[in-house]
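Report on one structure; see the data block that follows.
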Amino acid sequence: MKHSMTRREVTATGAALIGSLALGGTHGAHAEIKSGDNPEASEIWHKVRVSLFENRPIANVGDDTLVLDAPVRAEDAAVVPIAMRARLPHTAASYVAKLYLIIDNNPSPISAIFAFTPQSGRADVETRVRVDEYTFVRAIAETSDGRLLMRTRFVKASGGCSAPPGKDPQAALAALGKIRMRVDGDVVLGKPTLVQLMISHPNDSGMVMDQLTRQFTPRWFVRTVNVSYGGQSVLSADLDFSISENPNLRFYFVPHSPGRLSVEVVDSNQTAWKSSLDVAPSA
Amino acid sequence: MSSTLHRLAGALLLGVLLHTAAAAQAGADPDPAPLAVTEVAPGVYMHAGVVEDWLPANGGDIANLGFIVGSRCVAVIDTGGTPQLGLRWRAAIERTTRLPICFVIDTHAHPDHVLGNAAFAGPNTQFVASAKFNAAMSAREPYFLRALARDFGISLAHETMVYPTLAVDGTREFDLGDRVLVAQSWPTAHTDNDLTVYDRSTRTLFASDLLFVQHIPVVDGSLRGWLRALPQLARVDAALVVPGHGPTRRGGPDAWKPQQEYLETLLRETRAALKSHQTLSQAVDSVGVQAASRWQLAERFHRRNVTAAFAELEWED
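Chains as they are written, first to last, in the numbering used here: chain U, 2 to 284; chain V, 583 to 899.
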C-alpha cells in the first residue's frame, strides 16, 4: 500500500491534468481517435499512468481476473453505465484494495478511485459516467500486495444531439443532497451484500461558459463518498465530475452482525450529507 | 475620388472581404444549391429533412425546417444541421421571396436544427428562442462543434455561433405584417428548451421535436414532462402539424397518438424494471423493445431513451 497516493495528491494530480489538457487544445487531437486498435498509443493515458503509478508494471488481465463492463457505444453521453468487478479472492490476507476508473478522453480522465477493505467482501462497483468522445476506458485493480492489473475497453461516442451536460439543470437543483440507500436481496450473515446508493447532485463539470459574462461556471461535484458498516469502512470513493449527474453507486459489504450502514458524502464546496440504514442480517 | 467615397469604397470592400471570409470559414460554396421547399399552406413553407441520424452521408439534412411569409417580412423556423445547410436554406428562402428575414426562430438547442444559424446573421434579423435555450446551447456547444469536426470534417469557430437575443418564456407574438405568429415555450419535454410556432392565419403548428413522425421520439429532457405536455399540444387548434422529423400530419389528436403510445410504454416498462430492481444495463436490454420496433431509427435511439427514462424515474417515490 505504500505506493498508493493520498486523496490530496490525487486531487492535485487531477487538477494538473485538467490544466495541461486545457492548455494543450486537445479537442483537435481527440477528434482523431476513431478506433480502439491501440490502447497504448493514447498520450493522455501515459500522463495519467505516470501521475498515478509512476513506472510500476501494470499487467493486462482477462475476465477471469477483472471484468470491465462498458457499452460499445455511449447511448446517452450523460449517463453511461460502467462496472468494474475484481474476480480475485477477497480475504483479510489478500484482496483488491483499490479500483481506478480512467476515461482517457474526458476533460478529467481520473474519474473515480474506489478503496475497499476486507469488510467489503468484493471489489465490485457499478456507476455511471459522462462520455462524449471516442475513448478508451480503463479499470485498474491494485491488490493489497501492490500489484496492478488492468482491463481496457473502447467506447464510441454517442452521435447527434446527445451531450454530457444534464438535461434539466433546474430540476437537478431542486432535489440537491437527497440520498437514497438500499440493500438488495437477502441479507445473510457473513455474505457479500449488494448496496445501491443514489445521491442527488448536479455533479457539474464547470465547463460551461456563460455567453454574456464569458466566465465559466464553477465546478461543483461530489468529491468523496465514505461508507461504513458498524463503524468499519467498506467503501471510500474519490470521485470526479466524469461521474454522471445524480451519482449512483452499487457495491458490496459483509455484515458480521446486525448494524448500521452509514454514508457520508462531501462535495467540492465542502458541503456534507449523511444518511444511514439499519441492517439485520439473517443467519 | 473624394475622401467620403474612398471611405465608402473601403467599407464596401471590407464588407466583401468579410463576406468572403465568412463563406470560406464555413467551407461554403459561394453559390449554394437551394434546399427543396414545399408550400404546405398559403405563405407557409417547409423543407423536409430525411428520416435519418445526423450524419455526413446526408449532409446533416435531417430536421424539418420552415419559413412563413408576411406582408412585411419573413420568419425562419430552424436553420439546418450544418453551416452549409444554413446557406442552402437561405438560398431556398431568397428564391421564394424578396422580403427580408426579420426573425429566425430556434426551436431547441440541438445541432440538426440550429447549426445553420450563422447563414442568417445580419443587423436586421433577430434570433428568437426559449428563455432556456442559451444556457442549454452554451453547455452543449463544445460537444456539438466537436461532433461536427469529428464526423463531418467541418470546423466551426465558437465566434461564429449565433445566440438568440429574443427570449420566449410562455408565449410571445411576432408580427410579420398582416400575419402574427405565436411562439410558445414548454416545460421540459423533448428538451428543457422546446419552442413551438403557431401561424394563426393558416392554423399551422410547427411542433418541432415535440412531435416525431416515423422517426422514433428522442427523450433529451423529461419523459414525464413530455407526456404531460401532449394533451395540451393535441388540443392546439391546428389544421396542419409540422413535426421536427417525418412527414406532416393533419391537426388533431390522431397526429400525436403513435408518439404517445411509445412514450407511455417507455414509462410503464421502465417503472416496472425499477420496481423489480433491474440495473440500468439490464433495463436497456429489456424495456420497450417491441414498442420501439415500430419506429425508424429505433436501433439508434431506443436504448438511449431507456437510459434517460431510467435516470429520471429512479428518483420517483
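Think of the CB as a built atom: it goes at the ideal place given N, C-alpha and C, for glycine as much as any other residue.
Distance between residue j and residue i (C-alpha atoms, nearest Å)
| i | j | result |
| --- | --- | --- |
| Ala880 of chain V | Arg131 of chain U | 22 Å |
| Leu848 of chain V | Phe685 of chain V | 37 Å |
| Gly26 of chain U | Lys275 of chain U | Confidence at Gly26 of chain U is low in this model, with a pLDDT of 34, below 50, so its placement is unreliable and the value that follows should be read with caution. Rounded to whole angstroms, Gly26 of chain U to Lys275 of chain U spans 39 Å at the Cα level. |
| Thr861 of chain V | Ala176 of chain U | 22 Å |
| Leu730 of chain V | Pro693 of chain V | 9 Å |
| Arg183 of chain U | Pro259 of chain U | 16 Å |
| Pro108 of chain U | Pro165 of chain U | 11 Å |
| Ala30 of chain U | Ser720 of chain V | Note on Ala30 of chain U: pLDDT 41, under 50, position unreliable in the model; no value is reported. |
| Leu69 of chain U | Ser163 of chain U | 23 Å |
| Arg722 of chain V | Asn39 of chain U | 29 Å |
| Leu149 of chain U | Ile59 of chain U | 5 Å |
| His91 of chain U | Leu67 of chain U | 13 Å |
| Arg817 of chain V | Pro835 of chain V | 7 Å |
| Asp268 of chain U | Phe254 of chain U | 23 Å |
| Arg654 of chain V | Asp757 of chain V | 9 Å |
| Ile103 of chain U | Pro82 of chain U | 14 Å |
| Leu240 of chain U | Pro110 of chain U | 11 Å |
| Asp819 of chain V | Thr830 of chain V | 15 Å |
| Arg215 of chain U | Thr747 of chain V | 16 Å |
| Gln233 of chain U | Lys179 of chain U | 24 Å |
| Gly37 of chain U | Gly63 of chain U | 17 Å |
Under 8 Å between C-beta atoms of residue i and residue j
| i | j | result |
| --- | --- | --- |
| Asn646 of chain V | His827 of chain V | yes |
| Ile244 of chain U | Asn204 of chain U | yes |
| Ala821 of chain V | Thr784 of chain V | yes |
| Asn775 of chain V | Ala718 of chain V | yes |
| Val658 of chain V | Gly625 of chain V | no |
| Pro119 of chain U | Ala142 of chain U | no |
| Leu250 of chain U | Val226 of chain U | yes |
| Lys702 of chain V | Arg672 of chain V | The sequence given here places Phe at residue 702 of chain V; Lys does not occur at that position. A contact, by the Cβ cut-off of 8 Å. |
| Asp169 of chain U | Ser804 of chain V | yes |
| Ala113 of chain U | Asp133 of chain U | no |
| Glu127 of chain U | Ala172 of chain U | no |
| His740 of chain V | Ala674 of chain V | no |
| Val710 of chain V | Val750 of chain V | yes |
| Leu792 of chain V | Ala765 of chain V | no |
| Gly668 of chain V | Gly642 of chain V | no |
| Gly752 of chain V | Leu787 of chain V | no |
| Leu100 of chain U | Ala79 of chain U | no |
| Gly704 of chain V | Pro665 of chain V | no |
| Pro769 of chain V | Gly735 of chain V | no |
| Arg853 of chain V | Leu895 of chain V | yes |
Closer than 8 Å to chain V by CB, residue i
| i | result |
| --- | --- |
| Lys168 of chain U | yes |
| Asn247 of chain U | yes |
| Met199 of chain U | yes |
| Gly161 of chain U | yes |
| Glu134 of chain U | yes |
| Val280 of chain U | no |
| Thr27 of chain U | Summary for Thr27 of chain U: the model assigns pLDDT 38, below 50, so the residue's position carries little reliability, and this model does not support an answer. |
| Arg152 of chain U | no |
| Glu44 of chain U | no |
| Arg220 of chain U | no |
| Pro165 of chain U | yes |
| Val130 of chain U | no |
Any C-beta of chain U under 8 Å from that of residue i
| i | result |
| --- | --- |
| Gly803 of chain V | yes |
| Leu777 of chain V | no |
| His901 of chain V | Because chain V here runs from 583 to 899, residue 901 of chain V falls outside it and cannot be looked at. |
| Arg853 of chain V | no |
| Thr770 of chain V | yes |
| His797 of chain V | no |
Own chain residues within Cβ distance below 6 Å of residue i, not counting five before or after
| i | result |
| --- | --- |
| Arg882 of chain V | Asp635 |
| Gln878 of chain V | Val633, Gln796 and His797 |
| Tyr745 of chain V | Asn716 |
| Asn247 of chain U | Ser201 |
Same chain only: Cβ atoms within 7 Å of residue i, ignoring 5 sequence neighbours per side
| i | result |
| --- | --- |
| Thr889 of chain V | Leu862 and Val866 |
| Leu884 of chain V | According to the sequence provided, residue 884 of chain V is His. The question's Leu does not apply to it. For His884 of chain V, where only same-chain residues beyond five positions count, the Cβ hits under 7 Å are Ile798, Gly870 and Ala874. |
| Leu595 of chain V | Its pLDDT being 38, under 50, Leu595 of chain V is placed unreliably in this model, and the value from its coordinates should be taken loosely. Answer for Leu595 of chain V: no residue qualifies. |
| Met208 of chain U | Pro108 and Phe217 |
| Asn887 of chain V | Val800, Val801 and Leu848 |
Residues near residue i by beta carbon distance below 8 Å, same chain, minus five either side
| i | result |
| --- | --- |
| Val280 of chain U | Val184, Val188, Thr194, Tyr230, Pro256, Pro259, Gly260, Arg261 and Leu262 |
| Ala855 of chain V | Gln864, Ala865, Ser868, Val869 and Phe892 |
| Asp1 of chain U | With chain U running from 2 to 284 in the structure shown, residue 1 of chain U is simply not present. |
| Ser237 of chain U | Phe115, Ala116, Thr225, Val226, Asn227 and Val228 |
| Thr620 of chain V | Tyr627, Met628, His629 and Ala630 |
Which runs of the beta strand (DSSP E) at least 3 residues long sit entirely within the region 54-80 of chain U? Give them in chain order. 67-70
Could you tell me which uninterrupted alpha helix (DSSP H) segments, each at least 4 residues in length, are contained entirely in the region 793-880 of chain V, listed from first to last along the chain? 805-816, 839-857, 862-868 and 871-874
Which ranges would you report for the alpha helix (DSSP H) in the region 187-250 of chain U if only whole runs of at least 4 residues count? none
Which residue spans inside the region 628-695 of chain V form an unbroken beta strand (DSSP E) run of at least 3? 647-651, 656-659 and 683-687
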